[in-house]
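Numbering (the numbering used here), first residue to last: 5 to 104. Just so you know, even glycine gets a beta-carbon here, dropped at the ideal spot from N, CA and C. The model shown is predicted, which means the values in this text are computed figures rather than measured ones.
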């Protein structure tokens, strides 16, 4: 069953409490982390692998012909990049250990 979403603000608060740092420092750390992830994925087009957590992957999708399911009208879907996340074996095992 899906639980509530962990927000940026909640992550910042967790950083602050666990690292015993100021709100400003926690915010800066989170911003640097997220900005670095974005830059790697968007500008450098690199996958981001975080040990025992998972990998963020950039995929390249070719141009293709799509179809509107209602009207059956064909339309060209332009080439694009997409992102996916592949959880590590360690993370999957930890998640599933709560159900056994």
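TODO: Measure the Cβ-Cβ separation of residue 34 and residue 16 and say whether it is below 8 Å.
DONE: Position 30 of the chain shown, counted from the first residue, corresponds to residue 34. Position 12 of the chain shown, counted from the first residue, corresponds to residue 16. Yes. Within cutoff.
TODO: Give me the Cα-Cα distance between residue 77 and residue 68, rounded to the nearest whole angstrom.
DONE: Numbered from its first residue, the chain shown carries residue 77 at position 73. Numbered from its first residue, the chain shown carries residue 68 at position 64. The alpha-carbon of residue 77 is positioned some 14 Å away from that of residue 68.
Open item on the list: Is the separation between the beta-carbon of residue 65 and that of residue 86 shorter than 8 Å?
Closed with: Along the chain shown, read from residue 1 onward, the residue named residue 65 stands at position 61. Along the chain shown, read from residue 1 onward, the residue named residue 86 stands at position 82. For residue 65 and residue 86, yes; Cβs fall inside 8 Å.
Open item on the list: So, at 8 Å on beta carbons, what are the nonlocal neighbours of residue 19 in its own chain, with the 5 sequence-adjacent residues on each side left out?
Closed with: Residue numbering aside, residue 19 sits at position 15 when the chain shown is read from its first letter. Same-chain partners within the cutoff: 25, 30, 33 and 34.
Task: Residue nearest to residue 55 in terms of C-alpha spacing, selected from 12, 36, 90 and 103 - done: As a working note, residue 55 is residue 51 in the chain shown. The option with the nearest alpha carbon to residue 55 is 90.
TODO: Output yes or no for whether 8 Å exceeds the beta carbon distance between residue 60 and residue 51.
DONE: Translated into positions along the chain shown, residue 60 becomes position 56. Translated into positions along the chain shown, residue 51 becomes position 47. A contact, by the Cβ cut-off of 8 Å.
TODO: For residue 80, collect the residues of the same chain with a Cβ closer than 8 Å to its Cβ; drop the 5 residues on either side in sequence, then sort them by chain order.
DONE: By one-based count along the chain shown, residue 80 stands at place 76. Contacts found: 67, 68, 69 and 70.
Open item on the list: Could you check if residue 92 belongs to the surroundings of the ligand HEM, using beta carbon to heavy atom distance under 7 Å?
Closed with: The ligand HEM is absent from the structure shown, which contains no ligands of any kind.
Task: Any alpha helix (DSSP H) of 4 or more consecutive residues that is wholly inside the segment 5 to 55 - done: 12 to 23 and 27 to 46
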